[in-house]
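Written out below as structure tokens is the structure these notes cover.
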Amino acid sequence: MRIALKVAYDGTKFFGFQRQKSVKTVEGELIRALQKLDIIKGPRENNFKGASRTDRGVSAFGNVVSFDTENLKLVQPRILNHHLKDIWVLGIAGVGEDFHPRYSAEGKIYRYYMVDEGFDLNAMKRCSKLFIGTHNFSNFARLEQFKNPVRTLDDIKISKKGKLVVLEFSGESFLWEMIRRIVTALKMCGLSCLSEGEIEDMLNLKVDRKLPPAPAENLVLWEIKYPSLRFEIDESSVEKAKREFFERFSRAFLRAALFEEWFNAL
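If you count the sequence shown from 1, you need to add 53 to reach the working numbering.
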């Protein structure tokens, strides 16, 4: 039977998603746990596939993997999560034999988080509209050989959440570093360092120098959309994940509060 898992992970703890020799990766840890439990023999034998090969530092709340297995008894989020660290299996679904988590998807949603530096959000929103639609994103990506630089961005939403600005990107597929370079452009628009006209030139003309990508640690693969796939949620695993998320949130919040006090005292 073919199984799909919805997984979340803290990307700062891994050298990216795709398995590599001698370094810790998300895919590598998932395969290790599945093999340890005798759920799969190996990635090739059991047709293990991932939806998105996120870069080093990039996190996910809703990446998806799939594989074939006959050992259904042990394919349970609560069992898998006992053998995983910094990765949380949040949902499970039985899928068809031809299901591929990448090619069966309708689209992806990413979110990028930034501290508000006094951005002009209206300017950022105006600039963001220039990216929506089908464009050649060569000037906003780290290009790979034989990959088509033309992509379609369905939407960019920009919202304020307390002291944070959240940018949400929706599209079918994205180039390497594409979102993070667009984030840099929108940040510069919000600081009046880049105009709408300059953005249009970057989308339509060859440039001598590309904008650098924004830090990977603030990017999250939020969701992968499928036409009819519904994941069964394991409540005990969700509660365990919530506890661990809160512990990490508490530590980070306290450190942030400490430095905010120092900042305000100067």
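Here a beta-carbon is modelled for each residue, glycine too, at the ideal position from N, C-alpha and C.
Inset, instruction - Look at residue 235 and residue 193 and say whether their C-beta atoms are less than 7 Å apart. - result: Within the sequence shown, the letter at position 182 stands for residue 235. Within the sequence shown, the letter at position 140 stands for residue 193. For residue 235 and residue 193, yes; Cβs fall inside 7 Å.
Legend entry - Contacts around residue 212, its chain only, beta-carbon distance under 8 Å, and the 5 residues preceding and following it disregarded: Here residue 212 refers to the residue found at position 159 when the sequence shown is read from its first residue. Excluding positions up to five away in sequence, the list reads 218, 219 and 221.
Legend entry - Alpha-carbon spacing of residue 160 relative to residue 317, whole angstroms: As a working mapping, residue 160 is identified with position 107 in the sequence shown. As a working mapping, residue 317 is identified with position 264 in the sequence shown. Going by the C-alpha atoms only, they are around 42 Å apart.
Inset, instruction - Could you tell me whether the stretch 178-185 touches the stretch 239-248, where touching means 3 or more Cβ pairs closer than 8 Å? - result: yes
Inset, instruction - Starting from residue 175, trace the alpha helix (DSSP H) both ways and give me its first and last residue. - result: Translated into the one-based positions of the sequence shown, residue 175 becomes position 122. Residue 175 -> alpha helix (DSSP H) spans 174-184.
Inset, instruction - Rounded to whole angstroms, what's the CA-CA distance from residue 287 to residue 131? Just pull it up for me. - result: Locating residue 287 in the sequence shown gives position 234, counting from the first residue. Locating residue 131 in the sequence shown gives position 78, counting from the first residue. If you take the alpha carbons of residue 287 and residue 131, they lie about 7 Å apart.
Inset, instruction - Measure the beta-carbon distance from residue 225 to residue 140 and round it to whole angstroms, keeping in mind my assumption that it falls under 8 Å. - result: Counting from 1 along the sequence shown, the entry for residue 225 is found at position 172. Counting from 1 along the sequence shown, the entry for residue 140 is found at position 87. Incorrect: roughly 26 Å between the Cβ atoms, too far for contact.
Inset, instruction - Report, in whole angstroms, the separation of the C-beta atoms of residue 284 and residue 145, which I expect to be a contact under 8 Å. - result: One-based indexing of the sequence shown puts residue 284 at position 231. One-based indexing of the sequence shown puts residue 145 at position 92. The Cβ separation is near 6 Å, so the contact holds.
Inset, instruction - Would you decide whether residue 168 is buried or exposed? Buried here means 16 or more other CB atoms lie within 10 Å of its CB. - result: If you number the sequence shown from 1, residue 168 lands on position 115. Flag for residue 168 reads exposed.
Legend entry - Through-space distance from residue 261 to residue 191, alpha-carbon basis: Against the sequence shown, residue 191 aligns to sequence position 138. Against the sequence shown, residue 261 aligns to sequence position 208. Taking the straight line joining both Cα atoms gives about 12 Å.
Legend entry - Assigned secondary structure, residue 188 (DSSP; H/G/I helix, E/B strand, else coil): Taking the first residue of the sequence shown as position 1, residue 188 is located at position 135. Reduced to three states, the DSSP call for residue 188 is strand.
Inset, instruction - State the CB to CB distance for the pair residue 118 and residue 96, rounded to an integer number of angstroms; the pair is presumed to be in contact (CB under 8 Å). - result: Indexing the sequence shown from 1 puts residue 118 at position 65. Indexing the sequence shown from 1 puts residue 96 at position 43. Contact doesn't hold; Cβ gap of about 10 Å is too wide.
Legend entry - Straight-line Cα distance separating residue 116 from residue 264: Numbered from 1 along the sequence shown, position 211 holds the residue referred to as residue 264. Numbered from 1 along the sequence shown, position 63 holds the residue referred to as residue 116. Cα to Cα, residue 264 sits roughly 27 Å from residue 116.
Legend entry - alpha helix (DSSP H) runs contained entirely in the stretch 54-112, provided each spans 4 or more residues: 79-89
Inset, instruction - Give the DSSP-derived three-state secondary structure of residue 216 in the structure shown. - result: As a first step, residue 216 is located in the sequence shown; it is residue number 163 there, counting from the start. Correct three-state label for residue 216: coil.
Legend entry - Cβ neighbours of residue 258 in the same chain (closer than 6 Å, five flanking residues each side left out): Translated into positions along the sequence shown, residue 258 becomes position 205. Here the set comprises nothing.
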